[in-house]
Amino acid sequence: MNSDTPAPDISTLIGLFYPEAAEFGKPVKVSASMLPEIYQRLLSHEHHMTVTIEAHYDELVDVQVLESIHVANYYSRKILLTKQSDRTVVQFGIVRLNFDYLGTEVQQEIISEGTPLGRILIERNVLRRVELSELWQISAGQDLAELFGIESGTEIWGRTGWIHCNKEPAIELLEVVAPSAKITL
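So for the sequence shown, the numbering used here puts the first residue at 941; every next one is plus one.
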């Protein structure tokens, strides 16, 4: 885990869409060695999660924007990534972007909410670097449990990090992968 930039504040990211943090769940910071092996492979790296998830499932994913906020030069969204073949939810995420560091065309494509963020940045050749900040064990709250189709309190795994665009910390990330019952080994 790199320490170029202070870690995104997970409470702030959760608070963007959850006035009651308990609806999201209870995150506890963990080391990579505390993650089950499959989650180490899926989360403990500095690559786009879109690419990682698509490689894991050997198929493309779609984005479903659940909520978004656009205030001044900041755009945030709460999303699900789903497999194209059967719409299985494979990832939950919250991102907050600082549009000061992204071109107008990239901003417009992001705001259109039709394509996963990682794919947009790759296809638009945005100079970027993914920086893993922290790994999390999360006791799923009611909303997260409903989104994943699991029981409230189920332990799931996620990460926070940055995407640096044009050498600037432009995008804060909170990414949570689907629980093991939904993961194909």
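Beta carbons are placed, not taken as given, at the ideal position from N, Cα and C, and that holds for glycine.
Could you pull out every residue in the same chain whose Cβ sits closer than 6 Å to the Cβ of residue i, ignoring the five residues on either side in sequence?
i, result
"residue 963", "1081, 1082 and 1083"
"residue 1109", "945 and 1102"
"residue 1054", "none"
"residue 1062", "none"
"residue 949", "none"
"residue 1107", "none"
Could you give the residue range of the beta strand (DSSP E) that holds residue i?
i, result
"residue 1111", "1108 to 1117"
"residue 1074", "1068 to 1080"
"residue 1104", "1095 to 1105"
"residue 1036", "1029 to 1038"
"residue 1010", "1001 to 1011"
"residue 1020", "1014 to 1023"
"residue 965", "965 to 970"
Can you list, in chain order, the residues of its chain with a C-beta nearer than 7 Å to that of residue i? Leave out the 5 residues immediately preceding and following it.
i, result
"residue 957", "1007, 1018 and 1034"
"residue 1079", "965, 966, 1093 and 1095"
"residue 1038", "1013, 1014 and 1110"
"residue 1025", "999"
"residue 1059", "990"
"residue 994", "1000 and 1001"
"residue 947", "1073, 1074 and 1100"
My guess is that residue i and residue j are in contact by the Cβ rule of under 8 Å, so how many angstroms apart are they, rounded?
i, j, result
"residue 1031", "residue 1115", "6 Å"
"residue 953", "residue 1112", "6 Å"
"residue 1022", "residue 1004", "6 Å"
"residue 1001", "residue 1056", "6 Å"
What are the residues that DSSP puts in a beta bridge with residue i?
i, result
"residue 948", "In DSSP, residue 948 forms no bridge with anything."
Whose C-beta lies closer than 8 Å to the C-beta of residue i among residues of the same chain, with five residues either side of it excluded?
i, result
"residue 1121", "Note that residue 1121 scores 44 on pLDDT, short of 50, meaning its location in the model is unreliable and no value can be drawn from it."
"residue 1125", "Summary for residue 1125: the model assigns pLDDT 38, below 50, so the residue's position carries little reliability, and this model does not support an answer."
"residue 1050", "1015, 1037, 1042, 1057 and 1060"
"residue 1046", "1060, 1061, 1064 and 1066"
"residue 951", "961"
Going by DSSP, what residue range makes up the alpha helix (DSSP H) through residue i?
i, result
"residue 1091", "It is not in any alpha helix (DSSP H) - residue 1091 carries neither H nor E in the DSSP assignment."
"residue 981", "977 to 983"
"residue 1059", "1057 to 1063"
"residue 961", "No alpha helix (DSSP H) holds residue 961; DSSP gives it neither H nor E."
"residue 994", "989 to 997"
"residue 1049", "1044 to 1051"
Examine the Cβ distances between the stretch 978 to 985 and the stretch 997 to 1013 and report whether three or more of them are shorter than 8 Å. Note that the stretch 978 to 985 does not touch the stretch 997 to 1013; fewer than 3 beta-carbon pairs, one per stretch, sit closer than 8 Å.
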